[in-house]
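Residue numbers (our numbering), protein chains in the order written: chain A, 938 to 1220; chain B, 1304 to 1559; chain C, -3 to 268.
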């Protein structure tokens, strides 16, 4: 490339790289004081947040995966071409919709509704199972999981659909030619999309871990651990969001950074794993 | 269905339109004799694959397809038969070898068998897999490890696996759409030998991309040109004394 | 028959997914529109009410959001564009691949982490303080990967079509790049719009880079202004009913802005 334009673009690249590294760098740098001072007790102290993050994200993924896969299949298999793009647009709109609105609606609309119907029923009839052993409250792990799954499903669905819909028609034909029906065609195509589904799940899980406001509004903000999905709890991003503003001592601030560092490491790991999965699935 | 009739398929009259383009134009009186190899040849775009896909009613699954006419399978109008039952009796092999790549050799065949409800017990399925691979002349080459992934086979072997998979359903007819055009010469030869062997038990309708192959392998041959049936008959007769000038030209190689 | 079952199941999934969203849209209109209407034009120009009484307006945060997003765009467009051009024009080279990889990874950073890191570096470290500018920096950083990924895709397509043509006409490197950008114009615009739609709705990065008081209008580049999502977030946690109403109104405004950006994105992509 010609010199002048090369230099210009390199400046842009360098700017981007230095931004990334200074972000990560400041994260690490700010965490160090508390990690050195408290070591493992730091993460024991924050266990409720770590526990909450895992619970909410895992339940959200369990709900989102079948949902996202089903939607991807339906859009690819049963919708005529013209209507397909409308639904894909709605799907993408949902994926880029402000998360704060999901959270606000979740807290003041979905929450009360579920509390008086589904959650109440779960507690009343299945309350002997530890998962549903507490009374419904304003915010809970389950409510946050449901809202989170609504938020990440459109994204996961697009990823799956991208791969699923590109499977050549000859695969459909060869299954039909064996005297089989649509059910088997879908089964085979799902098999071919295995990697994309797994990759999409991992990527969506990583996103779910990092989601802040929607979860903060719906998880209940209780710094505790509970085996019941209906109790309030806290997640890592929600905790940081709640406490960072009032953290004053260097130790307090540094501890929150350490927690953020943990979140960062987990999140990036999942992203990398997902990329490896999807990349190697390109047959 | 009566399978003692001399003709397994009879196209009484057939017209096909795809997206309003007239693809097959008034195909009449085409009869496929049982236990023979019947070749359909013609330049590309003449509608050979389309004709083949009418026979197992695969064509109508696509959008924009209009089919008019009467086609008989063992004396019955195919459009009155349940398409799924039809496809179990009339199998298909495609141009591009397409086994289920992520599955093992064994599972490729077993899947079709299980999904069709032909057999459930493992011993039964094992036997069917073995017999199908033998019939497809593939058993010797893969018998040491049936759990290998289908993607590890060569093109010719993959195509024979596809044939084995189709044979597992014990069809009466096997439709083959240019089965050797994407395969190397050695593999292609093996498949041609297989076709000649198989005709003892089933009827094979073969779309061929070159007249030499049709001449080598078929008992009967037909020429399709621009969607029209030009002529058909015993291969020996058609190749030595063609009734139509078009046939002469095509066989001599001066057409696409 | 099994095929009917799968049809019903997947249809159910579709309904299950789209139903909550329709519910949200319904609520936004039913709960947000009356609020806006009761305040009239003042909702877009006035300042937020005191707790417990009245509706007032969200003019301060609308202006704040527009300001913050504009600055963020100014920051991110040059970096995003230059990086995209480098990545596409140097496709085999190591730096290109590393950049691509970094960009795609940064895409997935939890946004709250970007927020607190920008707080550390810029608000504290560089002494910029908590205001619209710092918030814009945070949002700008988040916007860069979104725009870059989209622009790279589009430039790549333009490159396939026009690169050889350009060089064979004897054009210099910079002319070829200009050709690609002008032919891939819609793609670059789409990239910016996608980034915009993303950051307009972002809350977490603003929480610790801007302020949580919403009474100030913009006076200078480092005025302590805030954004619409931050207002919604704060009012949501408050116990005051009137603030909840304002939050619904603000949510409707935010949703409409994002919807508008989204439609623009679709429109510019279609004009090929």
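For each residue, glycine too, the CB sits at the ideal point set by N, CA and C. A quick note: this is a predicted structure, and the numbers were derived from the prediction, not measured.
**Rounded separation between residue 1515(B) and residue 1459(B) - CA only** = 19 Å
**Message:** If I measure Cβ to Cβ from residue 45(C) and keep anything under 8 Å in the same chain, skipping five residues before and after, which residues do I get?
**Reply:** 51, 52, 238, 239 and 242
**Message:** With the cut-off set at 8 Å, would you say residue 1179(A) and residue 1158(A) are in Cβ contact?
**Reply:** yes
**Request:** Mark residue 1373(B) as exposed unless 16 or more other C-beta atoms lie within 10 angstroms of its C-beta, in which case mark it buried.
**Result:** exposed
**Prompt:** Applying a beta-carbon distance threshold of less than 8 Å, which residues of chain A neighbour residue 16(C)?
**Reply:** 1047 and 1087
**Burial state of residue 1559(B) (16 or more Cβ within 10 Å)** = Model confidence at residue 1559(B) stands at a pLDDT of 45, short of 50, so the residue's coordinates are unreliable and nothing is read from them.
**Message:** Just to make sure I have the definition right: I need the residues of chain A whose C-beta is within less than 9 Å of the C-beta of residue 1397(B). Which are they?
**Reply:** 1107, 1110, 1111 and 1114
**Request:** Could you name the residues that DSSP lists as bridge partners for residue 1524(B)?
**Result:** 1342(B) and 1536(B)
**Item:** Closer than 8 Å to chain A by CB, residue 210(C)
**Value:** no
**Nonlocal neighbours in the same chain, by C-beta distance under 6 Å from residue 248(C), ignoring five residues either side** = 24 and 28
**Request:** Would you give the residue range spanned by the alpha helix (DSSP H) that residue 1013(A) belongs to?
**Result:** 984 to 1014
**Request:** Pull up the distance between the alpha-carbon of residue 74(C) and that of residue 158(C), whole angstroms please.
**Result:** 23 Å
**Prompt:** How about the segment 1329 to 1336 of chain B and the segment 1491 to 1500 of chain B: do they share at least three Cβ pairs that are nearer than 8 Å?
**Reply:** no
**Message:** Give me, in chain order, the residues of the same chain whose beta-carbon lies closer than 7 Å to that of residue 40(C); leave out the 5 immediate sequence neighbours on both sides.
**Reply:** 53, 55 and 58
**Asked** Is the CB-CB distance between residue 1009(A) and residue 1106(A) below 8 Å?
**Response** no
**Request:** Have a look at residue 109(C) and residue 958(A) and give me their C-alpha separation to the nearest angstrom.
**Result:** 13 Å
**Segment contact flag, the segment 1468 to 1475 of chain B with the segment 1410 to 1430 of chain B, C-beta cutoff 8 Å, min 3 pairs** = yes
**Asked** In terms of residue numbering, what span does the beta strand (DSSP E) encompassing residue 1483(B) cover?
**Response** Run containing residue 1483(B): none; DSSP gives neither H nor E here.
**Prompt:** Which chain B residues sit within Cβ distance under 7 Å of residue 1121(A)?
**Reply:** 1418
**Request:** Anything in the segment 1006 to 1018 of chain A with a Cβ closer than 7 Å to a Cβ of chain C? List those residues in chain order, please.
**Result:** 1007, 1008, 1010, 1011 and 1015
**Prompt:** Excluding five sequence neighbours on each side, which residues of the same chain lie with their C-beta closer than 8 Å to the C-beta of residue 970(A)?
**Reply:** 1187, 1188 and 1191
**Asked** Does the segment 998 to 1016 of chain A come close enough to the segment 6 to 23 of chain C that 3 or more CB-CB pairs lie under 8 Å?
**Response** yes
**Item:** Neighbourhood of residue 38(C) by C-beta, 6 Å cutoff - its chain only, sequence neighbours within 5 removed
**Value:** 53
**Prompt:** Expressed to the nearest angstrom, what Euclidean distance is found between the alpha-carbon atoms of residue 1087(A) and residue 1047(A)?
**Reply:** 12 Å
**Request:** Can you tell me the Cβ-Cβ gap for residue 144(C) and residue 92(C), rounded? I've got them flagged as a contact below 8 Å.
**Result:** Going by Cβ atoms, the distance from residue 144(C) to residue 92(C) rounds to 12 Å, so no, they are not a contact pair.
**Item:** First through last residue of the beta strand (DSSP E) which encompasses residue 59(C)
**Value:** Unbroken run through residue 59(C) is the alpha helix (DSSP H), 55 to 85; no beta strand (DSSP E).
**Message:** Here's a check: name, in chain order, each residue in its chain whose Cβ is nearer than 7 Å to the Cβ of residue 208(C), leaving out the five neighbours to either side.
**Reply:** 222, 226 and 230
**Prompt:** Whole-angstrom Cβ separation of residue 1123(A) and residue 1014(A), contact assumed at under 8 Å?
**Reply:** 7 Å
**Cutoff 8 Å: residue 1144(A) Cβ touching any chain C Cβ** = yes
**Request:** Give the straight-line distance between the Cα atoms of residue 951(A) and residue 1406(B), rounded to the nearest whole angstrom.
**Result:** 46 Å
**Request:** Residues of the segment 175 to 200 of chain C with a CB closer than 9 Å to any CB of chain E: list them in chain order, please.
**Result:** The displayed structure is made up of protein chains A, B and C, and chain E is not among them.
**Item:** Any alpha helix (DSSP H) of 4 or more consecutive residues that is wholly inside the segment 1118 to 1185 of chain A
**Value:** 1119 to 1129, 1131 to 1147, 1150 to 1155 and 1173 to 1180
**Prompt:** Nearest to residue 1478(B) by CA position, among 1359(B), 1402(B) and 1448(B), is which residue?
**Reply:** 1359(B)
**Prompt:** What does residue 1405(B) reach in chain A if we use C-beta pairs closer than 7 Å?
**Reply:** 1128 and 1129
**Request:** Run down chain A in chain order and give the residues with a C-beta less than 7 Å from the C-beta of residue 1359(B).
**Result:** 1114
**Asked** Which residues in the same chain have their Cβ closer than 7 Å to the Cβ of residue 1073(A), if we skip the five residues on either side of it in sequence?
**Response** 1052, 1056, 1057, 1060 and 1167
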